[in-house]
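2 protein chains.
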Amino acid sequence: MRSDRSGQIVVIFLSIRTGADDAGYGAAAAAMESLAAAQPGYRGIESTRGTDGLGITLSFWADEASALQWRDHPEHKAIRDAGRDRWYQRYEVIVCAAQRSYAWEKG
Amino acid sequence: MRSDRSGQIVVIFLSIRTGADDAGYGAAAAAMESLAAAQPGYRGIESTRGTDGLGITLSFWADEASALQWRDHPEHKAIRDAGRDRWYQRYEVIVCAAQRSYAWEKG
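Chains as they are written, first to last, in the UniProt record's numbering: chain A, 1 to 107; chain B, 1 to 107.
Right, here's the structure in full:
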């Protein structure tokens, strides 16, 4: 977690899994995190999935251009197709502009 | 999950719990969700926490004014103080403006 996100683009991905092909899903998710981290303008990923099946992944980008480049990356597109075929029951994507942020840690 | 978030304010809350006082935390979290849902401009909450301890909560607001009103709500402030005292090891808040969103569901 970091403290200064102002001006970044945040792509929020909410998803409910089908429960099918856990191994394939896990491998693809790890591969996508590595690939994203290698893209220009990448500023981080935070991801979690609860026991109720709701997953929330945040990816952070320096600007709109780098977020769009990632959306249009061929490998990312291919894995999204696989996701619709196999892994996801439903999902929602929300693209946001971060206006301000702050962090707190126990002293 | 919904599909049209454009123009909404999204408050992203990332947190790591201390592990202390699970019961108190659970009760407070449920009370805050109910209280938030009763505020003007409330547009929804999505929340999840993974087994690694990272929690992500998104609250959606009609506009900046309603998001600020919720931030400044006295009960919300009191519970944040309790959170720093007891429940959180660290957290990050990111306030964003949603630019576009879309949803997909398996047919």
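The beta-carbon is built from N, C-alpha and C at its ideal position, and this holds for glycine as well.
Check whether residue i and residue j have beta carbons under 8 Å apart
i	j	result
glutamate 105(A)	isoleucine 56(B)	no
alanine 62(A)	valine 95(A)	no
valine 93(B)	leucine 58(B)	no
glutamine 8(B)	glutamine 39(B)	no
arginine 43(A)	tryptophan 87(A)	no
alanine 97(B)	alanine 97(A)	yes
alanine 82(B)	alanine 29(B)	no
glycine 19(B)	glycine 50(A)	no
Residue i burial status per 10 Å Cβ neighbour count (16 or more: buried)
i	result
threonine 48(B)	buried
serine 34(A)	exposed
arginine 100(A)	exposed
Option in the options with minimal Cα separation from residue i
i	options	result
aspartate 4(B)	Gly107(A), Ala98(A) and Tyr91(A)	Tyr91(A)
lysine 77(A)	Asp21(A), Ser6(A), Tyr25(A) and Met32(A)	Met32(A)
residue 121(B)	Ile12(B), Gly53(B) and Leu14(B)	With chain B covering 1 to 107 only, the question about residue 121(B) has no answer from this structure.
serine 6(B)	Gly26(B), Ala37(B), Phe60(B) and Gly24(B)	Phe60(B)
aspartate 85(B)	Gly107(A), Asp85(A) and Ala65(A)	Gly107(A)
Residues of its chain near residue i, where Cβ-Cβ distance is below 7 Å and the 5 sequence neighbours each way are ignored
i	result
glutamate 75(A)	Leu35
isoleucine 79(A)	Ala28 and Met32
Sequence-distant residues of the same chain with beta carbon closer than 6 Å to residue i, five excluded per side
i	result
serine 15(B)	Gly55, Tyr88 and Tyr91
phenylalanine 13(B)	Thr57 and Val93
glycine 26(A)	none
Close beta carbons around residue i, own chain, < 8 Å, minus the five adjacent residues each side
i	result
glycine 65(A)	According to the sequence provided, residue 65(A) is alanine. The question's glycine does not apply to it. Contacts found: Gly41.
histidine 73(A)	Leu35 and Gln39
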